[in-house]
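Taken in order, these protein sequences are the chains called B and C.
As numbered in the working numbering, residues 24 to 137 make up the first sequence, in order.
As numbered in the working numbering, residues 1293 to 1399 make up the second sequence, in order.
Heads up, the beta-carbon is just placed ideally off N, CA and C, and yes, glycines get one too.
Computed from a prediction, not measured in an experiment: that's the story for all the values here.
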Amino acid sequence: EPEVTQTPSHQVTQMGQEVILRCVPISNHLYFYWYRQILGQKVEFLVSFYNNEISEKSEIFDDQFSVERPDGSNFTLKIRSTKLEDSAMYFCASRVRGFTDTQYFGPGTRLTVL
Amino acid sequence: QQQVKQSIVQKGGISIINCAYENTAFDYFPWYQQFPGKGPALLIAIRPDVSEKKEGRFTISFNKSAKQFSLHIMDSQPGDSATYFCAASRRTDKLIFGTGTRLQVFP
């Protein structure tokens, strides 16, 4: 069964450093999302992406964040200058265009900012 | 208006997790199951044109007038121990997740 994959599974970085989180969505999916989950809290929407542009972003997704689909398979989330409060689990999700609304989530990348 | 709130009732072998939403524009209501260290996985979902949907031991009931929907887990088993998130969205929109309910089922 096709699945969303994410790398790395765990990323440790120093405050102020740039990080890039990578996702490979399911191959025929056209809508892509990033969510984050701070430890013990609910999953929060960050950004949605369709047709090579951002469809919607939350107030969490400030100028320090950016997303890119550099080729036909990868979908990346970049944080330019990480802060301690960026420490969270980051989930990529994708959705196929059509009659289904199911978003399929990847296993997540745990980001730890020291 | 974007909030989604969860609560739980357990009775015998049945677990019922309730979810209340505020935004009447929502038209898609999924339940996700999350095991520790894993991403959320879709369990079951419902649209407001039906009041109930059943898949195996899992049933969603939907009350549009009360703006509530519930996940019923029949014959709860230890393997069901996980965190359950309700969510809501409009068809082409982001998912708004509830606060999550951690369910522990003991043998």
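If you draw a straight line from the alpha carbon of residue i to that of residue j, how long is it in whole angstroms?
{"i": "Gly1390(C)", "j": "Ile1336(C)", "result": "15 angstroms"}
{"i": "Pro93(B)", "j": "Lys1303(C)", "result": "51 angstroms"}
{"i": "Ile102(B)", "j": "Pro1332(C)", "result": "23 angstroms"}
{"i": "Leu134(B)", "j": "Glu1314(C)", "result": "32 angstroms"}
{"i": "Ser32(B)", "j": "Gly129(B)", "result": "10 angstroms"}
{"i": "Ala1380(C)", "j": "Phe1318(C)", "result": "6 angstroms"}
{"i": "Asp1385(C)", "j": "Ser81(B)", "result": "12 angstroms"}
Any idea if residue i is buried or exposed, counting beta-carbon neighbours within 10 angstroms, 16 or more meaning buried?
{"i": "Arg59(B)", "result": "buried"}
{"i": "Pro1370(C)", "result": "exposed"}
{"i": "Val90(B)", "result": "buried"}
{"i": "Val35(B)", "result": "exposed"}
{"i": "Ile1338(C)", "result": "buried"}
{"i": "Thr1316(C)", "result": "exposed"}
{"i": "Thr125(B)", "result": "exposed"}
Could you tell me which chain C residues have their CB closer than 7 angstroms to the CB of residue i, listed as they occur along the chain?
{"i": "Ser71(B)", "result": "Lys1386"}
{"i": "Tyr113(B)", "result": "By Cβ distance, chain C contributes nothing, its closest Cβ being about 10 angstroms from Tyr113(B), past 7 angstroms."}
{"i": "Glu24(B)", "result": "Neighbours of Glu24(B) on chain C: none; closest Cβ ~11 angstroms, over 7 angstroms."}
What did DSSP end up calling residue i once you bin it into helix, strand or coil?
{"i": "Pro1322(C)", "result": "strand"}
{"i": "Glu108(B)", "result": "helix"}
Residues of chain B with CB closer than 7 angstroms to the CB of residue i, please, in chain order.
{"i": "Leu1334(C)", "result": "Thr125"}
Can you list the residues of chain B that residue i reaches, using a CB-CB cut of under 8 angstroms?
{"i": "Gly1348(C)", "result": "Here the premise fails: no neighbours, minimum Cβ distance about 17 angstroms."}
{"i": "Gly1304(C)", "result": "Near Gly1304(C) there are no residues of chain B at all, since even the closest Cβ is about 28 angstroms away, more than 8 angstroms."}
What residues of chain B sit near residue i, judged by a beta carbon separation below 9 angstroms?
{"i": "Thr1391(C)", "result": "Gln64 and Lys65"}
By the criterion of Cβ-Cβ separation under 9 angstroms, what are the contact partners of residue i in chain C?
{"i": "Gly2(B)", "result": "Outside the shown range of chain B, which is 24 to 137, sits residue 2(B), and nothing can be said about it."}
Quiz item: In chain order, what residues of the stretch 1306-1325 of chain C put their CB closer than 7 angstroms to some CB of chain B?
Solution: Tyr1320
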